[in-house]
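Peer 1: Let me give you the structure first, and then I'll get to my questions.
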Ligand SMILES: [Zn+2]
């Protein structure tokens with residue numbers, strides 16, 4: 013059959029009325045294509061250093077210090093680029109602008125915590141000649157993804173005398189790794205009949221950490237004792253020191269290029285360290301922006317933003333009040349409200365990329381795709397938009413026009429089919445404070461899994477989008 017040909021008029025009408033859905037890659041110059049790959053190298057380096065929220069904060073802080081950022085307590089007026097760290101797990105960066113803050117700031121938020129397995133307060137035990145650690149999963153994980161893989165153990169502990177101990181085992185290629193074995197297929201008939209949410213119960217997420225007994229054959233729990241002896245000689249810690257410690261079991265392997273064309277980054281914790289890195293590097297490029305620009309890197313997003321390092325904490329309020337004082341504007345509650353209500357914000361968080369293998373879970377007309385740029389999510393929430401944040405049409409229009417004007421490649425984003433689930437971000441807390449805010453971020457495949465995928469051109473475009481927003 014001969015191919016049907018559209019008339020010129022139809023073509024023109026389509027161009028005028030229909031939405032264009034270009035690939036980022038098709039619009040890039042050859043120099044920009046090189047920049048995309050260069051930028052991804054820096055990003056992967058950051059991912060590999062910032063494997064936990066504490067390490068992500070210290071990685072960002074190192075970069076900020078090199079760019080001349082100073083602690084807010086040492087900053088003289090607003091002549092400096094400023095940072096504030098709260099409890100090693102929440103970071104705020106600011107570049108003071110030309111206008112008074114009460115005329116509005118530009119804020120980009122992201123979060124640096126990621127789903128993982130935390131060590132329980134009393135984790136260590138011995139059974140069947142093995143020393144084991146009990147874990148407690150953190151955030152939205154599919155428990156079965158965490159067995160039969162190499163894990164690293166990273167965290168912060170305190171000795172009985174209060175000395176801080178940084179634990180890190182499993183990241184270097186010659187380090188031992190830790191693991192949770194799965195049941196062999198030969199004996200899994202019952203396990204295989206269970207629901208996926210149940211066949212690895214949380215209490216089965218037990219990590220094997222040793223098998224050699226202590227030399228005294230008459231001692232009880234000899235393997236546990238030998239492991240404690242080893243931990244004491246390496247770190248000076250005892251069994252009691254696990255209580256209150258923050259030790260995380262995370263995937264041991266580093267982030268790597270993915271795809272034969274190396275177009276993607278495969279790595280743990282890209283939700284949401286990709287927005288942390290892209291917003292920080294966008295901020296670093298600013299000199300004297302029109303509005304004061306702020307980037308916040310929150311902790312505890314994955315468990316509902318509770319606690320004093322989360323988006324629900326008073327950290328940002330206090331920081332902005334201190335900053336007001338530096339600009340000789342009284343830090344009254346009223347002025348702070350003006351900073352928020354006159355301000356504009358982007359809630360930088362990843363969105364779900366349509367996975368062709370699981371197409372049924374998505375609503376393809378309203379979900380973002382790999383390689384089409386930063387996704388804009390007008391509203392989040394679950395079911396009937398419950399617990400979500402819904403940007404005002406006026407603000408959504410402003411962001412869209414800005415991105416179009418500055419050649420930012422963006423696409424519509426949402427979290428799958430309405431009845432399939434849903435989720436939220438930190439946007440609602442800033443919206444509650446009075447800010448105009450909308451969610452946006454790059455699409456991710458395998459979100460919350462130990463190996464997430466993000467396209468390098470989307471990552472690069474996200475950084476560009478944050479930059480033009482901060483400069484607006
Ligand atoms: Zn996230």
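In the numbering used here, the protein residues as written are 13 to 484. Glycine residues also receive a C-beta, built at the ideal position from the N, C-alpha and C atoms. What you are looking at is a predicted structure, and each value in this text was computed from that prediction instead of being measured.
Closer than 7 Å to a non-hydrogen atom of ligand 1 - does that hold for the CB of residue 253?
Peer 2: no
Peer 1: Whole angstroms are fine: how far does the CA of residue 419 sit from the CA of residue 474?
Peer 2: 12 Å
Peer 1: To the nearest angstrom, how far is it from the Cα of residue 407 to the Cα of residue 413?
Peer 2: 10 Å
Peer 1: What first and last residue would you give for the alpha helix (DSSP H) that runs through residue 247?
Peer 2: 234 to 247
Peer 1: Determine, using beta carbons only, whether residue 260 and residue 166 come nearer to each other than 8 Å.
Peer 2: yes
Peer 1: In chain order, what are the residues with a CB under 5 Å from some non-hydrogen atom of ligand 1?
Peer 2: 283, 284 and 361
Peer 1: Three Cβ pairs or more, each shorter than 8 Å: is that satisfied between the stretch 31 to 47 and the stretch 247 to 266?
Peer 2: A contact is defined here as three or more CB-CB pairs under 8 Å, and the stretch 31 to 47 fails this definition with respect to the stretch 247 to 266.
Peer 1: When the Cα of residue 328 is compared with those of 308, 340, 342 and 341, which residue comes out closest?
Peer 2: 308
Peer 1: Per the contact definition of three or more C-beta pairs closer than 8 Å, is the stretch 387 to 397 in contact with the stretch 270 to 277?
Peer 2: no
Peer 1: Which of the three DSSP states, helix, strand or coil, is assigned to residue 376?
Peer 2: helix
Peer 1: Helix or strand or just coil, what does DSSP make of residue 66?
Peer 2: helix
Peer 1: Write down every uninterrupted run of the beta strand (DSSP E) in the stretch 26 to 57 whose length is 3 residues or greater and which is fully enclosed by it, in chain order.
Peer 2: none
Peer 1: Let me know the secondary structure DSSP gives residue 159 once reduced to three states.
Peer 2: coil
Peer 1: Which residues bound the beta strand (DSSP E) around residue 132?
Peer 2: 128 to 139
Peer 1: Start and end of the beta strand (DSSP E) containing residue 81?
Peer 2: Counted as a single uninterrupted DSSP element, the beta strand (DSSP E) harbouring residue 81 occupies residues 81 to 83.
Peer 1: Buried or exposed: which applies to residue 368, given that a residue is buried once 16 or more other Cβ atoms fall within 10 Å of its Cβ?
Peer 2: So residue 368 counts as exposed.
Peer 1: Quick check on the burial criterion: 16 or more other C-beta atoms within 10 angstroms. Buried or exposed for residue 363?
Peer 2: buried
Peer 1: Helix, strand or coil, according to DSSP, for residue 172 in the structure here?
Peer 2: coil
Peer 1: Please identify the residue among 47, 49, 70 and 48 whose C-alpha is closest to the C-alpha of residue 58.
Peer 2: Comparing Cα positions, the closest option is 70.
Peer 1: Per the DSSP calculation, residue 400 is bridged to which residue(s)?
Peer 2: In DSSP, residue 400 forms no bridge with anything.
Peer 1: Expressed to the nearest angstrom, what Euclidean distance is found between the alpha-carbon atoms of residue 36 and residue 124?
Peer 2: 26 Å
Peer 1: With a CB to CB cut of under 7 Å and the five nearest residues on each side skipped, what residues in its chain are close to residue 265?
Peer 2: 162
Peer 1: For residue 409, name the three-state secondary structure that DSSP assigns.
Peer 2: helix
Peer 1: So, is the C-beta of residue 85 closer than 8 Å to a C-beta in chain C?
Peer 2: The structure shown contains no chain C; it is built from a single protein chain.
Peer 1: So, at 6 Å on beta carbons, what are the nonlocal neighbours of residue 314 in its own chain, with the 5 sequence-adjacent residues on each side left out?
Peer 2: The beta carbon of residue 314 sits closer than 6 Å to those of 125, 127 and 151, all from its chain and outside the five residues before and after it, given in chain order.
Peer 1: For residue 441, name the three-state secondary structure that DSSP assigns.
Peer 2: helix
Peer 1: Using beta-carbon positions only, say whether residue 404 and residue 448 come within less than 8 Å of one another.
Peer 2: Yes, they are a contact pair.
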